[in-house]
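> At position 71 of the sequence shown the residue is numbered 71 (UniProt numbering), and the sequence of numbers has no breaks.
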Amino acid sequence: MTTPFFDSHAHLGDPAFGDEADAIVRRAREAGAAGIVSIGESLAAAARARAIAARHPGFVWFTAGVHPHDAADFDAARDVAAIRAEVAGGAVAVGECGLDYHYDHSPRDAQRAAFGSQLRLAAELDRPVVVHTREAEDDTRAMVEEAGRSGVRGVLHCYTGSHALAEAALAVGWHVSFSGIVTFKRWDDDALLRLVPDDRLLAESDAPYLAPVPHRGRRNEPAWVGHTVARLAAARGQDVAEVGRLVTANARRFYGLPAAPGAD
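1) Measure how close the beta-carbons of R134 and Y101 come, nearest whole angstrom, since I'm counting them as under 8 Å.
2) Nearest-angstrom Cα distance between D264 and F17?
3) How many Å lie between V25 and R216 at the Cα?
4) Count the other C-beta atoms from every protein chain shown that fall within 10 angstroms of the C-beta of E30, then say buried if there are 16 or more, exposed otherwise.
5) From the DSSP output, in three-state form, read off H69 for me.
6) Which same chain residues, not among the five before or five after A235, have their C-beta less than 6 Å away from its C-beta?
7) To which residues of the same chain is T3 closer than 7 Å at the C-beta, ignoring the five residues directly before and after it?
8) Does the segment 71-88 come close enough to the segment 36-56 to have 3 or more Cβ pairs within less than 8 Å?
9) Please classify H105 as buried or exposed, where buried requires at least 16 other C-beta atoms within 10 Å of its C-beta.
10) To the nearest angstrom, report how far apart A21 and A123 are at their CA atoms.
11) With DSSP as the reference, identify every bridge partner of R134, one or two as the case may be.
12) Would you list, in sequence order, the uninterrupted alpha helix (DSSP H) runs of no fewer than 4 residues that lie entirely inside the segment 9-83?
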């Protein structure tokens, strides 16, 4: 029996997948996936994700945003208009955006400016925002709290940060998503996995990155999110199928997706 799940964050348009996106979607269906959100971490990636979603209606959706790595090239007038157009064309969220002070591929002030512009756009369009944060906890917390108080809904994706930042995000109604990292041998914070309430928990592949055990080291794909769901269930002391149902329902609600056929 397969574990039900929903992959709330995959990069199906990543060049690592070449022309295999449709086969990857098929394998996810066969593994029990209820759906996939393909992330547009750049405007080019959003266009690729939109094309994939168009070939798999009702199973794949897409987002549009600019990653903090590319914030140095972010032009507020140009890029906000482009993201707005993608949302008008069906994008279900703004992002992936946020702050990354680990790699610092873009200056930190540029990262904050690009992130702020996308948070404001999410508020304007009443769309959720998909947030990347790494070693930028103080600034992320301040910006998330301000956005949350303004009614912006969001998710801290592939989360490995502090309890304090997770609690701050949860306090303003945000979600927290976990990836295959939680299956790694070095993972040592099951208390964080238990901190997230049932109705704010999401699971993701972040494919093609971070393949879960027993596939670690391989190119990741959405079909393997069930391993992450099983690990979450074990840490939380819950039934695997129940956690699969939770992350599926939460993803549909968070992204504003239609209920599955036959659902109450």
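Quick reminder that beta carbons are idealized off the backbone N, C-alpha and C, glycines included.
The model shown is predicted, which means the values in this text are computed figures rather than measured ones.
Inspection of the coordinates gives the following:
1) Mapped onto the sequence shown, residue 134 falls at position 134. Mapped onto the sequence shown, residue 101 falls at position 101. Right, their Cβ atoms sit about 7 Å apart.
2) Your numbering for residue 264 matches position 264 in the sequence shown. Your numbering for residue 17 matches position 17 in the sequence shown. No answer about D264 holds up, because its pLDDT of 40 lies below 50 and its placement is not dependable.
3) In the sequence shown, the residue the question calls residue 25 occupies position 25. In the sequence shown, the residue the question calls residue 216 occupies position 216. Distance between the alpha carbons of V25 and R216: 20 Å.
4) Here residue 30 corresponds to residue number 30 of the sequence shown, with the count starting at 1. It counts as exposed.
5) Locating residue 69 in the sequence shown gives position 69, where the first residue counts as 1. Correct three-state label for H69: helix.
6) Within the sequence shown, residue 235 is the residue found at index 235, counting from 1. Correct list, in chain order: D190 and L193.
7) Here residue 3 is taken as the residue at index 3 of the sequence shown, counted from 1. Hits under 7 Å: G32, G226, V229, A230, V240, A241 and G244.
8) yes
9) In the sequence shown, residue 105 corresponds to position 105, counting from 1. Result: exposed.
10) Here residue 21 corresponds to residue number 21 of the sequence shown, with the count starting at 1. Here residue 123 corresponds to residue number 123 of the sequence shown, with the count starting at 1. Distance between the alpha carbons of A21 and A123: 31 Å.
11) Numbered from 1 along the sequence shown, position 134 holds the residue referred to as residue 134. Answer is D100.
12) 21-30 and 43-55
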